[in-house]
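Per the working numbering: the sequence shown = residues 4 to 267.
Even for Gly, the Cβ is constructed at its ideal location relative to N, Cα and C.
Predicted, not measured: the structure shown is a model, and the values here were computed from it.
Contents: one structure, followed by commentary.
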Amino acid sequence: MKSNNFPIGIFDSGIGGTSIWREIKTLLPNENTIYLSDSRNAPYGEKSKQEIINLSIKNTEFLIKQNCKLIVVACNTATTNAIKILRKKYSIPFIGIEPAIKPAALKTKTNIIGILATKGTLNSKLFEKTSSTISRKITVKEKIGTGLVELIENGDIDTSKMKELLTSYLEPMLKKQVDCLVLGCTHYPYLIPVIREIVGDKIQIIDSGEAVARQTKTILEKKQLLNNTSKDGNHQFYINKDKKVLEMLISKYGKKIKINQLDF
Ligand code: DGL
């Protein structure tokens, strides 16, 4: 088999990276994918940098063993803390995801943008570096989304508990004239309907999913690794915790998608 047919590997601390997987599947329907959900170790956002690096290495080695031709780190926390090290250690191409504060900075009219992300992402050097490149005129209101990843992993997405927590994070932003909200965690796009209920249409919600899919395509083209078949891609999922919520999130993309339980 030619390496063009090899799968794209995708990993996240849990099920949130499926918000990136679905963008990749839409843009590159002929690509095979393998998604690894390290749910047992979620949330990464509360761990030390070294722990995040170790888990990212463990996930990468699993995907390399499955013959992946490229790896998408579908986790802001893992990207901002570990991608530099992964790129140094392995020759395979990596695509990462970072909070979209640059696009938000171009869109804001009030010059005040909000970002909701994990502690690990907001405290990272890479995030600090990216933030320093946006115009000084723009104020960034940062908020750690404590507890959100855990609720999503439990399937508590559209519940009163979630709405209460999100309201406590978003109302102060509304009061401060934030007009663009950056979702800096791949779990959060699943919260968009609840966020809309809270903020109405006063705020633009920005996430990086589509941009990551486009970048994946660009790199595959550049490295001549695109899968040129006309068949629909084959998709495999691996998870090291209960698969119920993952099943619910991906079931609308095809009943045949296989979820493998993993002791990992
Ligand atoms: N989806 C991960 C991210 O994008 C969640 C991190 C976590 O597990 O805390 O940051």
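Own chain residues within Cβ distance below 7 Å of residue i, not counting five before or after
{"i": "ALA1", "result": "Any question about residue 1 goes unanswered here, given that the chain covers just 4 to 267."}
{"i": "CYS242", "result": "Note on residue identity: the sequence assigns Ile, not Cys, to residue 242. Closer than 7 Å at the Cβ level, and outside the excluded window around ILE242, lie SER40, SER42, LEU249, ILE262, GLN264 and LEU265."}
{"i": "ASN62", "result": "PHE14, LEU39 and ASP41"}
{"i": "ILE86", "result": "VAL76, PHE97 and GLY99"}
{"i": "THR228", "result": "Reading off the sequence shown, one finds Leu at residue 228, where the question assumed Thr. SER6, ASN7, LYS72 and LEU73, listed in sequence order."}
{"i": "PRO192", "result": "SER22, LEU186, ASP210 and GLY212"}
{"i": "LYS179", "result": "ILE115 and LYS144"}
{"i": "LYS44", "result": "Looking at the sequence shown, residue 44 is not Lys but Asn. Cβ within range, chain order: SER16 and LEU58."}
{"i": "ILE222", "result": "LEU73, PRO96 and ILE98"}
Among the options, nearest to residue i - alpha-carbon criterion
{"i": "SER138", "options": "ASN114, ILE100, ASP204 and GLU250", "result": "ASN114"}
{"i": "ASP245", "options": "LYS61, SER254, ASP266 and LYS164", "result": "ASP266"}
{"i": "GLU64", "options": "LYS144, ARG43 and PHE14", "result": "PHE14"}
{"i": "GLY257", "options": "ASN7, ASN8 and PRO32", "result": "PRO32"}
{"i": "LYS91", "options": "LEU223, SER171, VAL197 and ILE56", "result": "ILE56"}
{"i": "LEU273", "options": "ILE160, LYS179 and GLY203", "result": "Within the shown structure, residues of the chain are numbered from 4 to 267, placing residue 273 beyond reach of any answer."}
{"i": "LYS50", "options": "GLU34, ASN126, TRP24 and GLU101", "result": "ASN126"}
{"i": "ASN35", "options": "ARG217, GLN239 and ILE253", "result": "GLN239"}
{"i": "ALA214", "options": "LEU58, ILE104, ASN44 and PRO46", "result": "ILE104"}
{"i": "GLU174", "options": "ASN44, LYS164, VAL202 and ILE67", "result": "VAL202"}
{"i": "TYR66", "options": "TYR172, THR232 and ILE95", "result": "Rather than Tyr, the amino acid found at residue 66 in this sequence is Leu. The residue with the shortest Cα to Cα distance from LEU66 is ILE95."}
{"i": "THR142", "options": "MET176, GLN53, LYS164 and VAL197", "result": "MET176"}
{"i": "HIS190", "options": "LYS128, GLY123, GLU153 and ILE260", "result": "GLU153"}
{"i": "CYS78", "options": "PRO46, TYR93, LEU109 and LYS166", "result": "PRO46"}
{"i": "LYS140", "options": "ILE18, LYS247, LYS255 and LEU109", "result": "LEU109"}
{"i": "LEU129", "options": "LEU89, LYS226 and THR80", "result": "THR80"}
{"i": "GLU101", "options": "SER171, CYS188, ARG25 and THR162", "result": "CYS188"}
{"i": "GLY48", "options": "THR162, GLY19, LYS132 and LYS166", "result": "GLY19"}
{"i": "GLU131", "options": "ILE60, THR162, LYS52 and THR83", "result": "THR83"}
Bridge-paired residues (DSSP) for residue i
{"i": "GLU49", "result": "According to DSSP, GLU49 bridges with nothing at all."}
{"i": "GLN207", "result": "CYS183"}
{"i": "HIS238", "result": "THR36"}
{"i": "THR142", "result": "ILE115"}
{"i": "VAL76", "result": "PHE14"}
{"i": "PHE97", "result": "ILE74"}
{"i": "ILE3", "result": "There is no way to answer for residue 3, as the model of the chain reaches only from 4 to 267."}
{"i": "ASN263", "result": "TYR241"}
{"i": "ALA120", "result": "ILE147 and GLY187"}
C-beta neighbour in chain D for residue i, strict 8 Å
{"i": "ARG43", "result": "Of the protein chains in this structure there is only one, and it is not chain D."}
Beta-carbon contacts of residue i that lie in its chain and below 6 Å, excluding the five residues immediately before and after
{"i": "THR111", "result": "ASP182 and CYS183"}
{"i": "GLN237", "result": "It should be noted that the sequence gives Asn, not Gln, for residue 237. Cβ within range, chain order: ASN35."}
{"i": "GLU167", "result": "none"}
{"i": "ILE88", "result": "ILE56"}
Nonlocal neighbours in the same chain, by C-beta distance under 8 Å from residue i, ignoring five residues either side
{"i": "ASP235", "result": "PRO32 and ASN33"}
{"i": "THR219", "result": "ILE11, ILE27, LEU30, LEU31, LEU73, VAL75 and ILE98"}
{"i": "LEU169", "result": "LEU151, LEU194, VAL197, ILE198 and ILE201"}
{"i": "LYS247", "result": "GLY158"}
{"i": "GLU252", "result": "Glu is not the amino acid found at residue 252; the sequence shown has Leu there. Excluding sequence neighbours, LEU252 sits near ILE18, THR21 and TYR193."}
{"i": "ASN231", "result": "ASN7 and ASN33"}
- Query: Are there three or more Cβ pairs, one per stretch, closer than 8 Å when the stretch 66-73 is compared with the stretch 10-30?
  - Reply: yes
- If you pair each beta-carbon of the stretch 118-132 with each one of the stretch 147-154, do three or more pairs fall below 8 Å? yes
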